[in-house]
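Protein chains: 2
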Amino acid sequence: MGQRRSGHVTLLDVARACGFSVSTVSIVLSEAPLSQNVAASTREQIRTMAQQLGYHPDAYARSLRSRRSQTIAVLAYDLSDPFCIPIVRGIQAGLHPAGYLPLLMDTQTQRRLFDTYLKMVLERRAEGVIVIASWIFEETNLLADIEKNHVPIVILGRDLTGRNVSSVLVDNEAGGMLAMRHLIDLGHRRIGVIRGPQELFDSEPRWVGLQKVAAEAGVRIDPRLVFQLPNLVDPMSGFEGGLNFAKQMLATGLPFTAVLAFDDLTALGAVRGLTDSGVRVPADCSVLGFDDVLPAVVATPGMTTIRQPLKEMGLLAAEGVLKAIQAREKGTRFAAELHTVMPELIVRMSTARPVIRNRKRSAETREEG
Amino acid sequence: MGQRRSGHVTLLDVARACGFSVSTVSIVLSEAPLSQNVAASTREQIRTMAQQLGYHPDAYARSLRSRRSQTIAVLAYDLSDPFCIPIVRGIQAGLHPAGYLPLLMDTQTQRRLFDTYLKMVLERRAEGVIVIASWIFEETNLLADIEKNHVPIVILGRDLTGRNVSSVLVDNEAGGMLAMRHLIDLGHRRIGVIRGPQELFDSEPRWVGLQKVAAEAGVRIDPRLVFQLPNLVDPMSGFEGGLNFAKQMLATGLPFTAVLAFDDLTALGAVRGLTDSGVRVPADCSVLGFDDVLPAVVATPGMTTIRQPLKEMGLLAAEGVLKAIQAREKGTRFAAELHTVMPELIVRMSTARPVIRNRKRSAETREEG
DNA sequence: TTCTAATATTCAAACGTTTGAATGTCAAGG
DNA sequence: CCTTGACATTCAAACGTTTGAATATTAGAA
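Quick mapping for you: the protein sequence lines, in order, are chains A and B. According to the numbering used here, the first sequence is numbered sequentially starting from 72. According to the numbering used here, the second sequence is numbered sequentially starting from 72.
Spelled out as structure tokens, the structure:
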């Protein structure tokens, strides 16, 4: 009955079925202002008929006509990184009330995919773009192509306000400071550090922050106990880095009572490396992570970590694009905003006061037990 | 220059800029068969001009005209469940070569969101739907509304072939068998079990499988050591369930040397519960999970688990919808297919041979150390 | 010269909406 | 009997693309 060749019920179908024009039906079903002028009986009739036929407006036709896609593209560098998920959740939560749909794209830290998806962003006429950045993100094409088309961008994890791109950041330096302060407060003095990869924006400020606190407290960080992760291509490589570096730390033979890792996966790797070598966490050595992702909270011992308010960051990003879109509609020029959110220390079981004894001895003790 | 009020460069802009008609430009840029008839010089000219202006075809106009959205909706019950991510990855991998884009939707185990997104599926004219099912999934509206519009569906984690919906399943019974066999092979005889929630499709067959193997081996499963998770609303509740049940198991005072958990998060919860009570894993008690999600592999000790080939399942689902779409195009009626994939035992460090001594004693031993 | 057959390009309609302007109806006011 | 205006409905154009049919331009064959 009335099924057109497209297989989808259209306004025309509904119009024919109840004897009104397409215009009237459209006006009623889209609840346009004019619909106040439509007789109540007509409205009722049209609505029930639409319901009956299972009519759903065609978003493509609608968007074509109204030039609004109600879509925000979200370019995540790697969805399999537990870091991304809460952010995406926040974005979703921020977009939903405004009737926008996130178009989620997982670029898998691949330049090629990134470009493919970028093209799609343009083709699908996304009204805005949110980028969850990683080291692979080089600004080149993004700004050239997307901004040329006046699509507002918000970037998470990188400060691009200089290029007039709104940015959401966590205060990494403060995070680094919190981390080091916690360890020092517990009484640790000999601390190994696994720094983040050089190309990652977050790495440096965390390092700066923790150094600052260490210096203030008169704690010297032995450079032989400092390692730096290579560029990560997937979450597991952080884990493996942590694992290997922990073993290398032990191999130095230098005493240390705590490891401060770049992020939670690295910290979990460190825990594995230490445990495998018979060093107990936290009894013999404390480990501290960063981010507060799911694997850190369900591991045992629960990981003490510097929490990033990921969901909140996603929300901020969502609000950011929406604001920019609104501004563009009104013709207002919109100045890029910088949001810096504060990290928070979450104390769990992976850190403890250091025991006043030689690390090596304690390890041996356990091994013979 | 030539920027129209939409803010996007259109075919008309390109046409005007190089003096050809919209048709010619379209034919060249979309590489239609007719483009062979277009002079090489013209083609070149048009292409460079399009490039220069930053032209990108409007997917909406194109889809409207061609009635193809090149989009598959993916309804995931909860993206924050690490279980979903590899599946999504697989789907993405399967769709990409065919030029389809997954429209990822996180229903957050909420009926309301599920319905909202379902409406969007219809409105955005997704050509197919892949559902990653959870207990919240009740077939009612889905089949009524989506199938009415002849949109092919593939469901993961549930057998709906009876309703002519292609389904991808893991052989849960085989998984349950693998799990129990592993524990029995190690020498465990007193085994606690945490079953999955009743409404979840996977729960029962796993339970059947492990019972079968236990019965064959003459191992009796003490019902006082069997617990059942309530319906899960988020991944953490599985963890908490595991934690609490592990403590309850200990509280029974009954001896047991292994816990077989419904999934990895539950198993990780059990590890926490045991460890908190001074029971070491695996020295005093083995723990075995199911799924092989990221938190299970980065935890220490690494979780022995029954791996589901999640990525492969996603791939199968993607291939499933694509096949159905192709069939519909040719007018062929497409019979729903059932894909059952095999789980695999992954041995890590959370399981070991049981020690021949009283569990309680060993726990005390450690506590005094 | 005229016809055929390529080659090269354009016309115009269609996809399903939305919406400003136009049309038609009817009752009250002059 | 004609305005006026409120109400109810429809017309028709537009959004940016694709595509079957049409047209224009050539060159070779009859």
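Just so you know, even glycine gets a beta-carbon here, dropped at the ideal spot from N, CA and C. Bear in mind that the values here come from a model prediction, so they are computed numbers and not experimental data.
Residues of chain B with a CB under 8 Å from the CB of residue i: which are they?
i, result
"residue 151 (chain A)", "156, 157, 160, 365"
"residue 346 (chain A)", "371, 372"
Using the Cα positions of residue i and residue j, report the straight-line distance between them to the nearest angstrom.
i, j, result
"residue 345 (chain A)", "residue 151 (chain A)", "25 Å"
"residue 274 (chain B)", "residue 203 (chain A)", "36 Å"
"residue 291 (chain A)", "residue 156 (chain B)", "42 Å"
"residue 361 (chain A)", "residue 185 (chain B)", "33 Å"
"residue 415 (chain B)", "residue 324 (chain B)", "33 Å"
"residue 130 (chain A)", "residue 195 (chain B)", "5 Å"
"residue 73 (chain B)", "residue 219 (chain A)", "In this prediction, residue 73 (chain B) scores a pLDDT of 34, lower than 50, which makes its location untrustworthy; no coordinate-derived value is stated."
"residue 256 (chain A)", "residue 305 (chain A)", "33 Å"
"residue 384 (chain A)", "residue 178 (chain B)", "20 Å"
"residue 298 (chain A)", "residue 307 (chain A)", "17 Å"
"residue 432 (chain A)", "residue 300 (chain A)", "At residue 432 (chain A) the pLDDT is 43, less than 50, meaning the model places this residue with poor confidence; the figure from the coordinates comes in the next sentence. Cα to Cα, the separation comes out at about 29 Å."
"residue 349 (chain A)", "residue 356 (chain A)", "11 Å"
"residue 146 (chain B)", "residue 405 (chain A)", "35 Å"
"residue 423 (chain A)", "residue 163 (chain B)", "43 Å"
"residue 80 (chain B)", "residue 190 (chain A)", "14 Å"
"residue 90 (chain B)", "residue 396 (chain B)", "39 Å"
"residue 192 (chain B)", "residue 104 (chain A)", "26 Å"
"residue 134 (chain B)", "residue 78 (chain A)", "14 Å"
"residue 253 (chain B)", "residue 293 (chain A)", "46 Å"
"residue 259 (chain B)", "residue 285 (chain A)", "50 Å"
"residue 402 (chain B)", "residue 107 (chain B)", "30 Å"
"residue 499 (chain B)", "residue 85 (chain B)", "As shown, chain B starts at 72 and ends at 440. That puts residue 499 (chain B) outside it, with no answer to give."
"residue 366 (chain B)", "residue 174 (chain A)", "27 Å"
"residue 113 (chain A)", "residue 170 (chain A)", "28 Å"
"residue 386 (chain A)", "residue 159 (chain B)", "23 Å"
"residue 358 (chain A)", "residue 187 (chain B)", "43 Å"
"residue 318 (chain A)", "residue 263 (chain B)", "35 Å"
"residue 347 (chain B)", "residue 371 (chain A)", "9 Å"
"residue 389 (chain B)", "residue 166 (chain B)", "6 Å"
Thinking C-alpha only, which one of the options is nearest residue i?
i, options, result
"residue 391 (chain B)", "B:117, B:417, B:408", "B:408"
"residue 97 (chain B)", "B:380, B:79, B:154, B:127", "B:127"
"residue 124 (chain B)", "B:147, B:131, B:88", "B:88"
"residue 272 (chain B)", "B:287, B:242, B:294", "B:242"
"residue 377 (chain B)", "B:281, B:288, B:81", "B:281"
"residue 181 (chain A)", "A:149, A:197, A:173", "A:149"
"residue 410 (chain A)", "A:131, A:103, A:238, A:307", "A:238"
"residue 197 (chain B)", "B:283, B:257, B:403, B:144", "B:144"
"residue 228 (chain A)", "A:244, A:205, A:250, A:246", "A:205"
"residue 269 (chain A)", "A:320, A:302, A:92", "A:302"
"residue 338 (chain B)", "B:288, B:266, B:393", "B:266"
"residue 116 (chain B)", "B:426, B:166, B:234, B:92", "B:92"
"residue 296 (chain A)", "A:320, A:289, A:312", "A:320"
What residues from chain A crowd round residue i, counting only those whose CB sits closer than 8 Å?
i, result
"residue 370 (chain B)", "339, 366, 369, 370, 371"
"residue 196 (chain B)", "79, 129, 130, 131"
"residue 140 (chain B)", "131"
"residue 336 (chain B)", "369"
Please compile the residues from chain B whose C-beta is within a distance smaller than 7 Å of the C-beta of residue i.
i, result
"residue 386 (chain A)", "In chain order: nothing, as chain B lies at least about 15 Å away."
"residue 163 (chain A)", "177"
"residue 281 (chain A)", "Ordered by position in chain B, no residue passes the 7 Å Cβ test against residue 281 (chain A), which lies about 23 Å from the chain."
Run down chain B in chain order and give the residues with a C-beta less than 9 Å from the C-beta of residue i.
i, result
"residue 220 (chain A)", "78, 79, 80, 125, 127"
Contact defined as beta carbons within less than 8 Å: I believe residue i pairs with residue j. What is the distance between those atoms, to the nearest angstrom?
i, j, result
"residue 261 (chain B)", "residue 333 (chain B)", "Residue 261 (chain B) to residue 333 (chain B), Cβ: 19 Å. No contact."
"residue 199 (chain B)", "residue 222 (chain B)", "6 Å"
"residue 369 (chain A)", "residue 154 (chain B)", "Between residue 154 (chain B) and residue 369 (chain A) the Cβ distance is about 13 Å, and since that is not below 8 Å, they are no contact."
"residue 330 (chain A)", "residue 341 (chain A)", "5 Å"
"residue 353 (chain A)", "residue 420 (chain A)", "7 Å"
"residue 343 (chain B)", "residue 314 (chain B)", "5 Å"
Cβ closer than 9 Å: which chain A residues qualify as neighbours of residue i?
i, result
"residue 172 (chain B)", "174, 176, 188, 191, 195"
"residue 216 (chain B)", "125, 127"
Who are the neighbours of residue i on chain A, taking C-beta pairs under 7 Å?
i, result
"residue 342 (chain B)", "371"
"residue 134 (chain B)", "131"
Q.
Give me the subset of the stretch 298–316 of chain A whose CB atoms are less than 8 Å from a CB atom of chain B, sorted by chain position.
A. 306, 307, 310
Q: Would you list, in chain order, the members of the stretch 230–257 of chain A that have their beta-carbon closer than 9 Å to a beta-carbon of chain B?
A: none
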